[in-house]
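I have placed the structure first, in the form of structure tokens, so that the comments after it can refer back to it.
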Amino acid sequence: METKRIMICDDDEGILEVLELYLELEGYVVFTVANSIKLVEQITLHSPDLLLLDLWMPLLSGDQAIRIIRESDMLSALPIIVLSASVDGAAVASARGADGFIAKPFDLDDIKLNIDRIINKEPPQ
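Sequential numbering of the sequence shown, starting at 2, is according to our numbering.
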């Protein structure tokens, strides 16, 4: 079975480190992006199977990034799970076309369940 590739984009280095370590231990290849302006370039370079994306970041916000990805012929099918502490984060993520939403602070098991569900195309529990 091919190892799945996950990209994480968050401006919080601590979140990037925790998620990268956890997901690598779970057997994924992980790429991190702290600067959202470089996100599309990094997606094109690494071809991830899934993107974990913070919603509120400086420079290019997560909802703007989703719009760019969804409007791109090459990237539009990329599954995206939004991570956010925002009270309206789930609504924003859904409206922009994200495939999932996880509230911050998050539970690592919840992250894994959501990733597995989307990558393995499992029905929601």
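Cβ coordinates follow ideal geometry from the N, Cα and C atoms, glycine included. This structure is a prediction, so every number in the text was calculated from the model and none was measured.
Per-residue burial, residue i [other beta carbons within 10 Å of its own, 16 or more giving buried]
i     : result
Ser37 : buried
Ile9  : buried
Leu46 : exposed
Contact under 8 Å by Cβ, residue i with residue j
i      : j      : result
Ile44  : Leu17  : no
Asp100 : Ile116 : no
Cβ-based neighbour list, residue i, same chain, cut-off 7 Å, excluding 5 preceding and 5 following
i     : result
Glu25 : Val31
Pro59 : Asp12
Ile69 : Val41
Sequence-distant residues of its chain with Cβ nearer than 8 Å to residue i (five each side left out)
i     : result
Leu56 : Ser62, Gly63, Asp64, Val83, Leu84, Ser85, Ser87, Gly90, Val93, Ala94
Other residues of its chain near residue i: CB distance less than 6 Å, five sequence neighbours each side excluded
i     : result
Arg6  : Val30, Pro49, Asp50
Glu21 : Val31, Thr33
Tyr23 : Leu109
Residues bridged to residue i (per DSSP)
i      : result
Phe32  : Met8
Ala94  : For Ala94, which the question treats as bridged, DSSP gives no partner whatsoever.
Ile103 : Leu84
Leu51  : Ile7
Top-ranked residue by Cα proximity to residue i, from the options
i      : options                       : result
Ala96  : Ile67, Asp111, Ala104, Leu79  : Ile67
Gly15  : Asp111, Pro106, Lys122        : Pro106
Lys122 : Ile103, Ser73, Pro80          : Pro80
Glu72  : Phe102, Gly98, Asp111, Ile103 : Gly98
Gly28  : Lys39, Glu3, Leu54            : Glu3
Short CB-CB distance (under 8 Å) between residue i and chain D
i     : result
Asp64 : Checking the listed chains, one finds no chain D in this structure; it contains a single protein chain.
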